[in-house]
Amino acid sequence: MTRHFLTLLDLTPEELGYLIQRAVELKTMQRTGQFHEPLRGKTLGMIFEKSSTRTRVSFEVAMTQFGGASIFLSSRDTQLGRGEPVEDSARVLSRMVDAVMIRTFDHRTVETFAQHSRVPVINALTDDFHPCQLLADMQTYVEHRGEIKGRKVVWVGDGNNMCNSYINAARQFDFQLVVACPEGFEPDAALMADNAGRVSVVRDPREAVAGAHLVTTDVWASMGQEQEQQERARHFAPYQVTPALMDLADEQALFMHCLPAHRGEEISHDMLDDPRSVVWDEAENRLHAQKALLEFLLHGQH
Numbered sequence: 293m294t295r296h297f298l299t300l301l302d303l304t305p306e307e308l309g310y311l312i313q314r315a316v317e318l319k320t321m322q323r324t325g326q327f328h329e330p331l332r333g334k335t336l337g338m339i340f341e342k343s344s345t346r347t348r349v350s351f352e353v354a355m356t357q358f359g360g361a362s363i364f365l366s367s368r369d370t371q372l373g374r375g376e377p378v379e380d381s382a383r384v385l386s387r388m389v390d391a392v393m394i395r396t397f398d399h400r401t402v403e404t405f406a407q408h409s410r411v412p413v414i415n416a417l418t419d420d421f422h423p424c425q426l427l428a429d430m431q432t433y434v435e436h437r438g439e440i441k442g443r444k445v446v447w448v449g450d451g452n453n454m455c456n457s458y459i460n461a462a463r464q465f466d467f468q469l470v471v472a473c474p475e476g477f478e479p480d481a482a483l484m485a486d487n488a489g490r491v492s493v494v495r496d497p498r499e500a501v502a503g504a505h506l507v508t509t510d511v512w513a514s515m516g517q518e519q520e521q522q523e524r525a526r527h528f529a530p531y532q533v534t535p536a537l538m539d540l541a542d543e544q545a546l547f548m549h550c551l552p553a554h555r556g557e558e559i560s561h562d563m564l565d566d567p568r569s570v571v572w573d574e575a576e577n578r579l580h581a582q583k584a585l586l587e588f589l590l591h592g593q594h
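Numbered by this note's numbering, the letters in the sequence shown go through residues 293 to 594 in order.
Listed below in structure tokens is the structure:
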């Protein structure tokens, strides 16, 4: 049976735990010069309707290091951008490539594509979820602090696709999540209801981060929301993450950001350089976590 990765819920908690440990192993192997090419002769199709730096580079490098190949397809390069039904594109592409990665707007696009694909489909970001980033985030926490189970994680800012994926992560990795956001910017209501026992919303970010083991945030206006930038800045101004805010968290707390960051907005100018910040490790781990994911979807556990 073809396995897809559209949200964190597509894998079991045990499988996700395996992926994190495998990502750590693959990182060590790469750094010690061990060649590992399980995807030799395999090709990943990469459909980008939203642009990206980290997503494109990490997936392309992953396939190269695994001995495989990748094909970059922007909306200008495919019939998807010219009105071909998603179902038809899925039927054709999945007869030619071995896996497909899609970064797009509407989450239904990746769901529809997966339903009609013969090969694994990976959600590399939609307006609703960003599960690949969460694999990297969980790997980063494990590397620095060990198991995240039972820890307190705080999301500061917009209840966006990243926040929704953190809610799924709270369920799959068994931690408590506190969302600090202004009224009207809460995460998906159905997701909140399904995870009421482990996710809560707090308006005051200072109250939210008290005793936190991980604090994370994202830009105030995501791709496609640029016209709302000024209005959002007004609502989110009290939600900037600063070293002073981090001082209220646990003394072993880490800070993460999926990047790109807007210094002076959701974070202070000095936050990325704070010793508690692990954003550069987090960014690098997109490569290693996605290598583990690709290996798993195409070959199973090793």
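Beta carbons are placed, not taken as given, at the ideal position from N, Cα and C, and that holds for glycine.
Quantities reported herein were computed from a predicted structural model and do not represent experimental measurements.
* Would you say Ala-504 and Val-446 are within 8 angstroms of each other, going by their C-beta atoms? -> yes
* Cut-off 7 angstroms between Cβ atoms - residues of its own chain near Glu-379, not counting five sequence neighbours on either side -> Thr-404, His-408
* **Span separating the alpha-carbon of Gly-325 from that of Arg-332** => 17 angstroms
* Below 8 angstroms between beta carbons: does that hold for Leu-427 and Leu-590? -> no
* Asked: Any idea which residues DSSP pairs Phe-297 with across the strands?
  -> Ile-414
* Asked: Does the Cβ of Arg-578 have 16 or more other Cβ atoms within 10 Å, making it buried, or fewer, making it exposed?
  -> buried
* **Local Cβ density within 10 Å of Ser-381, reported as buried at 16 or more and exposed below that** => buried
* Buried versus exposed, by CB contacts within 10 Å (16 or more), Lys-441 -> exposed
* Which runs of the alpha helix (DSSP H) fall wholly inside the region 402 to 479 and span at least 4 residues, in chain order? -> 423 to 437, 453 to 465
* To do: From the DSSP output, in three-state form, read off Ser-350 for me.
  => helix
* Enumerated in chain order, which unbroken segments of the beta strand (DSSP E) with a length of 3 residues or greater are wholly contained in the region 294 to 346? -> 335 to 340
* Tell whether a beta-carbon distance below 8 angstroms holds between Leu-365 and Phe-397. => no
* To do: Starting from Arg-498, trace the alpha helix (DSSP H) both ways and give me its first and last residue.
  => 497 to 501
* Reducing DSSP to helix, strand and coil, say where His-554 ends up. => coil
* **Cut-off 6 angstroms between Cβ atoms - residues of its own chain near Ser-514, not counting five sequence neighbours on either side** => Asn-452
* Return the Cβ separation of Ala-553 and Leu-564 in integer angstroms, given the expectation that the two are a contact with Cβ distance under 8 angstroms. => 6 angstroms
* Asked: Do you know how far the Cα of Asp-510 is from the Cα of His-549?
  -> 6 angstroms
* Give me the Cα-Cα distance between His-561 and Ala-500, rounded to the nearest whole angstrom. => 22 angstroms
* Looking only at DSSP bridge pairs, what is Leu-365 linked to? -> Ile-339
* **Cα-Cα separation between Glu-439 and Arg-368, rounded to whole angstroms** => 43 angstroms
* **Paired residues, beta bridge with Ala-504 - DSSP** => Looking at the DSSP assignment, Ala-504 forms no beta bridge with any residue, so it has no partner.
* Cα-Cα separation between Thr-335 and Ser-362, rounded to whole angstroms -> 5 angstroms
* Mark His-296 as exposed unless 16 or more other C-beta atoms lie within 10 angstroms of its C-beta, in which case mark it buried. => buried
* **Contact belief for Arg-490 with Leu-506 at Cβ below 8 angstroms, rounded distance in angstroms** => Incorrect: roughly 14 angstroms between the Cβ atoms, too far for contact.
* Sequence-distant residues of the same chain with beta carbon closer than 8 angstroms to Leu-318, five excluded per side -> His-328, His-580, Lys-583, Ala-584, Glu-587
* Could you please give the first and the last residue of the uninterrupted alpha helix (DSSP H) stretch that includes Ser-492? => Segment 491 to 494 is the beta strand (DSSP E) holding Ser-492; no alpha helix (DSSP H) there.
* To do: Could you check the C-alpha separation between Asp-261 and Ser-386 for me, to the nearest Å?
  => Only positions 293 to 594 of the chain appear in the structure, and residue 261 is not among them; the question remains open.
* To do: Mind reading off the beta-carbon distance from Asn-456 to Asp-420? Whole number of angstroms is fine, and I expect it under 8 angstroms.
  => 6 angstroms
* To do: Would you mind working out which of Phe-467, Ala-525, Met-454 sits nearest Leu-551, comparing C-alpha positions?
  => Met-454
* Asked: Apart from the five residues just before and just after Thr-432, which ones in its own chain have a Cβ nearer than 8 angstroms to its Cβ?
  -> Leu-546, Met-548, Val-570, Asp-573, Glu-574, Asn-577
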